[in-house]
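To start, the structure itself, in structure tokens.
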Amino acid sequence: MNGITNIFLRGGRIVSKMLALLLLTAWLRPCAAQGNELVMATTFSPSATVWIIDRWQQEPGSVMIRTLNRTSASLEQLLDTANAENVDLILTSSPMLLQHLQEHQKLAPFSGAPAVSQHLVPESIRSTSVAVAISGFGLLMNRSALMTRHLPAPADWDDLTDPRYQGALLMSSPSRSDTNHLMVESLLQQKGWIKGWETLLTTAGNLVTISSRSFGVADKIKSGLGVAGPVIDNYANLLLNDPHLAFTYFPQSAVSPTYVAVLKNSQHASEARRFIRYLLSPEGQTILADANTGKYPVTPLAPGNPRAAQQAMLMNQPAIKLSIDPQTSAFGSADVLIRRLAFVLLSSKTPGERCIARRSVLSVRYPRYGRCSPVSRWIRPAARMKPGWLSSTTKVLRNSR
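Positions in the sequence shown are counted from 1; adding 179 to them yields our numbering.
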């Protein structure tokens, strides 16, 4: 009996391994093109691309577009494999992803893009990537949830540090979401390294949870899980038909272009380039100007357009200078610190417990550019602590630069 049982157990393990291999193969090859079909890999949610694709497919002679929605890290892993030839296009707001793909010779050159588009593209990827739309950053709020908790509507990053928002805010992980990475970059460049991280870590003390995807923040705020959170406008704008939701741009909202590029091994490169030229055409820019996309076109809107003023404001914002690689120890350590702070504060019931939790979390060494700088362990006595007010209880990242 034991022998029979062992055979079945071994057989079960073999079957499990075979199933795992089949699932892995299916995961690596989800994008095999069907005939004359474009496969577009994108970091955007399906709702952010459906309007554009539907309008494109009404064009005479247009081909079908199938989307592959994944995180930047997942797309990097996929497109670095031998299966990358099955993807024709990439649509993303992440210049870091495009930089990685270009450095690995995965992108095809693209010429003829108008100057109004190309000046929005970082010089290092300008030969392969095109900007077809722009977005900005701000705060999405659930008005009903704010009223229920008797909280004021936040308007800027500094407002999110208010201890009254403890357990009420949402954000995505800056190392998993390139959109949030760009928001963090913008904050650090506005406030400086020390003050910027102090603001961010103080905000982390007020989080109710951390979403792995940027559009997950918008969905959770809509459901009432939190009262507010920093998001990119195209996800917020698609939800504003709900009267309980409101969105406000940060006073200094950096511009975030939407990029598109053709994969070097695309089997439908001519059709892929045709789609890009359609997006850059007057008709395509008109479609991108529609509120259903949640974005703004790169072509200036007419003065009478109700969205023209906001588009002009975004176009006049300075570009984000990318300086932090999400794979480096510095950025990764800060992201881990944010996650640990949120977790321990959520699991702590009293001010004293929160003090002990903070002391444990902040007693780490924080590497920056190859050297270590100690995060201060100075903590105010528990009796005088204000829950959620991290900047008043610790000197954050002193001498990190």
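Cβ atoms here follow ideal geometry from the backbone N, Cα and C, with glycine treated the same way. Computed from a predicted structure; not experimentally measured.
Exposed unless 16 or more other CB atoms sit within 10 angstroms - verdict on residue 353: Burial state of residue 353 is buried, judged by a 10 Å Cβ sphere holding 16 or more other Cβ atoms.
query: Excluding the five sequence neighbours on either side, which residues of its own chain have a C-beta within less than 6 Å of the C-beta of residue 410, listed in chain order?
result: Spatial neighbours of residue 410 in its own chain (CB-CB distance under 6 Å, excluding positions within 5 residues in sequence) are listed in chain order as 319, 396 and 397.
- prompt: Could you check where the beta strand (DSSP E) with residue 342 kicks off and where it finishes?
  reply: Careful: residue 342 lies outside any beta strand (DSSP E) and carries neither H nor E.
query: Beta-carbon separation of residue 309 and residue 480 under 8 Å?
result: The Cβ atoms of residue 309 and residue 480 do not sit closer than 8 Å to each other.
Cross-strand partners of residue 316 (DSSP beta bridge): BP columns for residue 316 point to 411.
query: Are residue 286 and residue 477 close, meaning C-beta to C-beta below 8 Å?
result: Not a contact, by the Cβ cut-off of 8 Å.
query: Just reading off the alpha helix (DSSP H) that residue 430 is part of, what are its end residues?
result: Run containing residue 430: none; DSSP gives neither H nor E here.
- prompt: Among all the DSSP beta bridges, which residues are the ones paired with residue 440?
  reply: Answer is 269 and 308, bridged to residue 440.
query: Whose C-beta lies closer than 6 Å to the C-beta of residue 219 among residues of the same chain, with five residues either side of it excluded?
result: If we look at residue 219 and ignore the five residues flanking it on each side, its Cβ neighbours are 244, 246, 268 and 270.
Residue 414 versus residue 394: straight-line alpha-carbon distance, rounded: Rounded to the nearest angstrom, the two C-alpha atoms are 6 Å apart.
query: Pairing CB atoms from the stretch 421-428 with CB atoms from the stretch 442-455, are three or more of them under 8 Å?
result: Touching, no, given that fewer than three Cβ pairs across the two stretches are closer than 8 Å.
query: How many Å lie between residue 294 and residue 487 at the Cα?
result: The C-alpha of residue 487 is placed about 19 Å away from the C-alpha of residue 294.
message: Taking the beta carbon of residue 500 as the centre, do at least 16 other beta carbons fall within 10 Å, making it buried, or is it exposed?
response: Looking at its Cβ environment, which holds fewer than 16 other Cβ atoms inside 10 Å, residue 500 is exposed.
message: Can you check which of these residues, 224, 228, 291 and 273, is closest to residue 434 by C-alpha distance?
response: The residue with the shortest Cα to Cα distance from residue 434 is 273.
message: My assumption, with CB atoms under 8 Å, is that residue 382 sits in contact with residue 348. Please give the rounded CB distance.
response: Confirmed, Cβ separation roughly 7 Å.
- request: Using only alpha-carbon positions, find the residue among 379, 223 and 215 that is nearest to residue 417.
  value: Minimum Cα distance to residue 417 is reached at 223.
- prompt: Given a threshold of 16 other Cβ atoms within 10 Å of its Cβ, counted over all protein chains shown, does residue 462 qualify as buried or as exposed?
  reply: Residue 462 should be labelled exposed.
- request: Go ahead and pull the three-state DSSP assignment for residue 217.
  value: It is a strand residue.
message: For the beta strand (DSSP E) containing residue 244, name the first residue and the last one.
response: In the DSSP assignment, residue 244 falls within the unbroken beta strand (DSSP E) covering 243-248.
query: Just to confirm, are residue 324 and residue 403 a CB contact at a threshold of 8 Å?
result: Cβ atoms of residue 324 and residue 403: closer than 8 Å.
DSSP three-state assignment for residue 373, whether helix, strand or coil: Three-state DSSP puts residue 373 in a helix.
field: Sheet register partners of residue 389 (DSSP bridge)
entry: Residue 389 pairs with 350.
task: Could you tell me the distance, in whole angstroms, from the CA atom of residue 233 to the CA atom of residue 423?
output: Here the alpha carbon of residue 233 sits roughly 28 Å from the alpha carbon of residue 423.
message: Once DSSP output is grouped into helix, strand and coil, what is the label at residue 458?
response: For residue 458, the three-state secondary structure derived from DSSP is helix.
field: residue 225 (DSSP reduced to helix, strand or coil)
entry: Residue state for residue 225 is assigned as helix, using DSSP reduced to three classes.
- prompt: residue 265 to residue 253, Cα distance in whole Å?
  reply: Residue 265 and residue 253 have their alpha carbons spaced roughly 15 Å apart.
task: Compare the Cα-Cα distances from residue 432 to each of 388, 406, 384 and 491 and report the closest residue.
output: Distance check between residue 432 and each of 388, 406, 384 and 491 places 491 closest, using alpha-carbon atoms only.
message: Is the separation between the beta-carbon of residue 437 and that of residue 312 shorter than 8 Å?
response: Result yes, Cβ atoms of residue 437 and residue 312 sit closer than 8 Å.
task: Would you identify the three-state DSSP class for residue 321, choosing helix, strand or coil?
output: Residue 321 falls in the strand class under three-state DSSP.
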